[in-house]
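Structure first, commentary second.
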Amino acid sequence: MNFASDNWAGAHPDILAALLRANDGAAPSYGGDELTKRVERKFSDLFERDVAVFFVATGGAANSLALSQICPPWGMILCHQESHIQMDECGAPEFYTGGAKLLSLEGDAAKLTAAGVSAALEGFPDRPPHGMPASALSITQASECGAVYTAEEVKALGGVARAAGLKLHMDGARFANAVATLQCAPADITWKAGVDVLSFGGTKNGCLIAEAVVFFNPDDAKDFIFRRKRAAQLFSKMRFVSAQFDAYLADDLWLVMARHANAMAKALSEGLAAAGCKVWYPTEANEVFVSFPPGVEERLIAAGAQFYPWATPGDPAGGTMRRLICSWATQAEEVRRFIEVARG
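Per this note's numbering, the very first residue in the sequence shown carries number 5; after that it's consecutive.
Structure below.
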């Protein structure tokens, strides 16, 4: 009963098979191979426009390098106070931007609102040369609390960003889960809604090591090849990252895996709620946040269940919240057994 993290899951067999195929023979290095070029075109097809895509090793690298491309060292990035870039990247965004400031904002279920961002911008007027100008807005899809932004919500945020001259970044570590929930085209919640750059995640959803930075206006990617290289994120054997994305995007495998993870999380959430547990946020992706009645957590741990304690700024659960995550590999029997043990 492993609900610790989608990062704990292995790779999907189709991803592993693609790696074995890519291992057959030799190919040009540093992305000069035909497989990489083909997969780059796949990203343009996926998003229904020409994009500039760059593969990197981790979500932290994708976020930090994307933000460093759209925010100067003297700029300010608006983000949620619970966002990964604020809480879990060890200052990497600040480091790679050369000193930009993260301004953290509040919002229910770790989501920002257009009204909240507008109010924050009004509270930080430009004061050149003393004040740091707002340069970028970063949102997380799905959020750190498992909430999903609708296309309308992203559009509203995109409108605020454009009006203020900000670039809009989307941390899409769980982008697949959001698309699966919304049943929309990826374009609908990215560039069509005003997103300028996306950190496109694969690792949490069945890949081994596969993340991408996607610029929807290739002009925004000027000199990014040097930025990626300088950050030691240019793979010499790039085809092994490309091979993962090749299989990931084939026959909508990325969505098949995300739909399964979401469905398992929904079943887990509903079952725990029925068992008398407190579910803190709507289960819209593959994460469940819950507080257990007395004695239940101890019983689950004794039965071998794995999950994480979860504390957030202004923790509504008073330290009792636990995070459960489902993945492409979560089995229905694991969910059934977890709920059974929780019921006692």
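Glycine included, each C-beta is placed from N, C-alpha and C at the ideal position.
Residue i, enclosing beta strand (DSSP E) - first and last residue
i           : result
residue 140 : 138 to 144
residue 107 : 105 to 109
residue 304 : It is not in any beta strand (DSSP E) - residue 304 instead sits in the alpha helix (DSSP H) that spans 300 to 306.
residue 246 : It is not in any beta strand (DSSP E) - residue 246 instead sits in the alpha helix (DSSP H) that spans 243 to 253.
residue 202 : 201 to 205
residue 295 : 291 to 295
Distance, residue j Cα to residue i Cα
i           : j           : result
residue 264 : residue 212 : 18 Å
residue 30  : residue 58  : 22 Å
residue 300 : residue 126 : 46 Å
residue 295 : residue 283 : 7 Å
residue 198 : residue 162 : 5 Å
residue 351 : residue 191 : Absent from the model: residue 351. The displayed extent of the chain is 5 to 348, so no value can be given.
residue 167 : residue 160 : 11 Å
residue 50  : residue 218 : 11 Å
residue 239 : residue 43  : 15 Å
residue 241 : residue 253 : 20 Å
residue 216 : residue 203 : 6 Å
residue 64  : residue 80  : 18 Å
residue 185 : residue 317 : 27 Å
residue 25  : residue 280 : 49 Å
residue 91  : residue 148 : 10 Å
residue 321 : residue 32  : 53 Å
residue 170 : residue 339 : 43 Å
residue 157 : residue 117 : 7 Å
residue 273 : residue 205 : 24 Å
residue 287 : residue 249 : 27 Å
residue 187 : residue 193 : 11 Å
residue 36  : residue 243 : 9 Å
residue 302 : residue 39  : 49 Å
residue 385 : residue 10  : This structure gives no information on residue 385, because the portion of the chain shown stretches from 5 to 348.
residue 247 : residue 23  : 6 Å
residue 13  : residue 342 : 17 Å
residue 83  : residue 142 : 5 Å
residue 226 : residue 56  : 10 Å
residue 326 : residue 20  : 32 Å
residue 183 : residue 195 : 14 Å
residue 67  : residue 348 : 42 Å
Three-state secondary structure (DSSP) of residue i
i           : result
residue 331 : coil
residue 16  : coil
residue 364 : Only positions 5 to 348 of the chain appear in the structure, and residue 364 is not among them; the question remains open.
residue 181 : helix
residue 175 : strand
residue 24  : helix
residue 114 : helix
residue 133 : coil
residue 226 : coil
residue 221 : coil
residue 236 : coil
residue 156 : helix
residue 215 : strand
Run of the alpha helix (DSSP H) containing residue i, from where it starts to where it stops
i           : result
residue 125 : 118 to 127
residue 264 : 257 to 278
residue 191 : No alpha helix (DSSP H) contains residue 191, which DSSP labels as neither H nor E.
residue 345 : 336 to 347
Checklist entry - Which ranges does the beta strand (DSSP E) cover as unbroken runs of at least 3 residues, wholly within the region 41 to 103, from first to last along the chain? => result Given a length threshold of 3 residues, each whole run of the beta strand (DSSP E) inside the region 41 to 103 is given here in chain order: 56 to 60 and 80 to 84.
Next on the checklist: Does the contact criterion of 3 or more C-beta pairs under 8 Å hold for the region 105 to 123 versus the region 245 to 263?
Outcome noted: Segment contact: the region 105 to 123 against the region 245 to 263, fewer than three CB-CB distances shorter than 8 Å; contact not assigned.
Item to check | Cβ contact (3+ pairs, closer than 8 Å) linking the region 307 to 314 and the region 5 to 15 | outcome: Look at the beta carbons and you see the region 307 to 314 touching the region 5 to 15: at least three pairs across the two are nearer than 8 Å.
Next on the checklist: Three or more C-beta pairs under 8 Å: does that hold for the region 71 to 85 against the region 222 to 238?
Outcome noted: Between the region 71 to 85 and the region 222 to 238, the count of C-beta pairs closer than 8 Å reaches three or more; the two stretches touch.
Checklist entry - So does the region 174 to 190 actually touch the region 103 to 116, counting three or more Cβ pairs closer than 8 Å? => result The region 174 to 190 vs the region 103 to 116: no contact.
Checklist entry - Should the region 265 to 279 be regarded as contacting the region 321 to 338, the criterion being three or more beta carbon pairs within less than 8 Å? => result A contact is defined here as three or more CB-CB pairs under 8 Å, and the region 265 to 279 meets this definition with respect to the region 321 to 338.
Next on the checklist: Using a Cβ distance threshold of 8 Å, determine whether the region 135 to 146 contacts the region 88 to 108, with at least three qualifying pairs required.
Outcome noted: Yes, they touch.
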